[in-house]
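In the order they appear, the protein sequences are chains A and B.
The opening residue of the first sequence carries number 312 in my numbering; numbering runs sequentially from there.
The opening residue of the second sequence carries number 40 in my numbering; numbering runs sequentially from there.
Just so you know, even glycine gets a beta-carbon here, dropped at the ideal spot from N, CA and C.
Computed from a predicted structure; not experimentally measured.
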Amino acid sequence: MMCPIEIGEQSELLAYSGRKLELSRAVALERHLESCSACREFVEGQRAVWQALDAWQTPPVAGDFDGRLFRRMEKEPAVWWNRWLGSMLLRPGLPLAAAACLVVAVGLILERPGASPEPQLPAPQVQNLQPEQVENAFDDMKMLSDFTRAARTDAGEL
Amino acid sequence: MERVNSNMASVAAALDCDTQLMIRVKQGDGASFGVLLEKHRSPVIHFLYRMVQNQAVAEELAQEVFLRVYRSRTTYEPTAKFTTWLFRIATHLALNTLRDGKNQRMETRLDADVSEAPVREVCDGRPSVEQSMVREARLDEVRRAVAGLPDKQRAAVLMHKYEDMEYTQIARVLNCSESAVKSLLFRAYETLRNRLAHMA
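Right, here's the structure in full:
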């Protein structure tokens with residue numbers, strides 16, 4: 312085989328030094344190394360580099376990393392579902408009662424007493440409602456359904 | 040041909056589990072974001088720590104990485120592997136920080152907090168003070184050698200060594216050609232061999 316250093320292609324030497332070279336190529340390279348001191352020196356030096364880099368451990372991640380991240384995420388716009396994200400990660404399961412309460416709340420919002428019985432005049436009801444409330448409530452219902460399904464899946468996996 | 044390559048890239052991205060999770064985040068699935076965070080939190084922080092060599096700064100940058108992922112959820116398109124996109128954001132932030140000089144890279148003071156360097160477990164009792172000092176000196180030499188690399192060479196080495204990325208993925212992260220990545224890596228490793236080969 313051609314000398315990797317002479318042809319300027321060190322990829323195989325790097326891979327061989329890290330014991331990641333395909334077996335057939337590694338065997339061919341080892342035959343070359345028997346007669347090429349430059350490549351042998353490369354491999355020995357590179358292995359020392361790998362060992363030195365392997366020894367470089369990193370400090371542990373701060374325990375409040377996720378909490379800090381979620382607090383920053385809560386300040387982001389359109390953050391309705393972020394409040395649930397934190398609790399989802401802290402507690403694997405979401406109580407179904409919370410979902411039921413939300414359904415009841417949505418029902419109360421939609422079924423206000425004293426609403427106009429004439430379908431021809433829906434305007435007052437619409438004016439009394441916060442459109443974002445209804446839209447977000449439906450989003451939350453879907454989100455809770457997803458969370459509940461995910462929680463059940465997690466419980467099943469455990 | 041471009042359409043074929045684009046289709047193949049899309050198919051490859053579709054096979055990426057992380058990409059699937061991110062698509063679900065785009066669709067409003069908050070739990071999937073938690074899964075991505077749990078999986079990639081440590082690798083991103085460790086990469087950033089080795090880039091800027093300051094744990095507090097690294098965690099702050101990592102927070103920004105995941106915030107940007109979160110902010111981009113509605114416009115996310117799976118044109119590449121998720122980790123490519125993730126590390127592109129992380130590398131961009133790290134390079135900006137290094138360029139702006141907002142952190143103190145070489146914080147090896149005598150009063151440095153030794154708890155930042157976790158002690159390795161040894162089978163035959165605790166290491167002696169001398170052994171600990173020798174180990175710290177070696178680690179310091181490694182840190183200095185890596186810190187002495189040009190920023191892009193450093194990023195390429197860290198992704199190649201610690202994230203086990205292929206040349207093509209590193210090229211996509213750094214937005215350069217594969218041959219440029221090889222050039223970065225070959226030069227970087229040559230520098231490291233010159234500085235660290237005696238540690239064998």
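Residue i - DSSP class collapsed to helix/strand/coil
i, result
"A:Ala366", "coil"
"A:Leu324", "helix"
"B:Cys56", "helix"
"B:Asn93", "coil"
"B:Asn135", "helix"
"A:Cys347", "coil"
"A:Ala359", "helix"
"A:Glu352", "helix"
"B:Leu235", "helix"
"B:Thr118", "coil"
"B:Gln26", "The shown model of chain B, from 40 to 239, leaves out residue 26 of chain B, and the question about it has no answer."
"A:Gly418", "helix"
"A:Gln438", "Any reading at A:Gln438 must be qualified, since the residue scores a pLDDT of 48, below 50, and its modelled position is unreliable; no value is offered."
Top-ranked residue by Cα proximity to residue i, from the options
i, options, result
"B:Leu60", "B:Lys120, B:Ser81 and B:Ala195", "B:Lys120"
"B:Pro189", "B:Glu180, B:Arg165 and B:Leu231", "B:Leu231"
"A:Thr369", "B:Tyr201, B:Thr113 and B:Arg112", "B:Tyr201"
"B:Met238", "A:Leu419, A:Ala366 and A:Cys347", "A:Ala366"
"A:Ser322", "B:Gly73, B:His199 and B:Arg183", "B:His199"
"B:Thr122", "B:Gly69, B:Met90 and B:Ile209", "B:Ile209"
"A:Arg330", "A:Glu317, A:Gln362 and A:Glu345", "A:Gln362"
"A:Asp377", "B:Asp68, B:Val91 and B:Lys78", "B:Lys78"
"B:Lys65", "B:Val168, B:Thr113 and B:Arg211", "B:Thr113"
"B:Met90", "B:Lys191, B:Cys215, B:Ala219 and B:Arg211", "B:Lys191"
"B:Glu180", "B:Pro117, B:Asn233 and B:Val74", "B:Asn233"
Partners in chain A for residue i, counting only beta-carbon separations shorter than 7 Å
i, result
"B:Met172", "Under the 7 Å cutoff, chain A gives no residues; its nearest Cβ is about 15 Å from B:Met172."
"B:Met238", "Ala359 and Ala363"
"B:Leu231", "Val360"
"B:Leu213", "The contacting residues do not exist; B:Leu213 stays about 17 Å from chain A at best."
"B:Leu235", "Ala359, Val360 and Ala363"
Partner residues on chain B for residue i, Cβ-Cβ distance less than 9 Å
i, result
"A:Leu325", "His199, Leu224, Phe225 and Tyr228"
Interface residues of chain B facing residue i [CB-CB closer than 8 Å]
i, result
"A:Ser322", "Tyr206 and Lys221"
Inter-residue CB distance, residue i and residue j (contact presumed, cutoff 8 Å)
i, j, result
"B:Tyr109", "A:Met384", "6 Å"
"B:Leu235", "A:Ala359", "6 Å"
"B:Leu213", "B:Ala195", "7 Å"
"B:Gln83", "B:Ala129", "In the sequence under discussion, the amino acid at residue 83 of chain B is Val, which differs from the Gln named in the question. Between B:Ala129 and B:Val83 the Cβ distance is about 5 Å, and since that is below 8 Å, they are a contact."
"B:Ser71", "B:Arg63", "4 Å"
"B:Glu98", "A:Ala373", "6 Å"
"A:Leu324", "A:Cys350", "6 Å"
"B:Val96", "B:Thr58", "Actually they do not touch by this definition, with Cβ atoms about 29 Å apart."
Per-residue contacts from residue i into chain A (C-beta, under 8 Å)
i, result
"B:Val181", "Ala363, Leu364, Ala366 and Trp367"
"B:Arg177", "Ala363 and Ala366"
Next on the checklist: Which residues of the stretch 79-93 of chain B have a Cβ closer than 8 Å to any Cβ of chain A? Give them in chain order.
Outcome noted: Arg80, Ser81, Ile84, His85, Tyr88 and Arg89
Checklist entry - Which of the residues in the stretch 99-133 of chain B, read from start to end, lie with their CB under 8 Å from any CB of chain A? => result Ala101, Gln102, Phe105, Leu106, Tyr109 and Arg110
Next on the checklist: Any C-beta of chain B within less than 9 Å: which residues of the stretch 353-370 of chain A qualify?
Outcome noted: Phe353, Glu355, Gly356, Gln357, Arg358, Ala359, Val360, Trp361, Gln362, Ala363, Leu364, Asp365, Ala366, Trp367, Gln368, Thr369 and Pro370
Checklist entry - According to a CB-to-CB cut-off of less than 8 Å, which residues of the stretch 368-387 of chain A neighbour chain B? => result Gln368, Thr369, Pro370, Pro371, Val372, Ala373, Phe376, Asp377, Arg379, Leu380, Arg383, Met384 and Glu387
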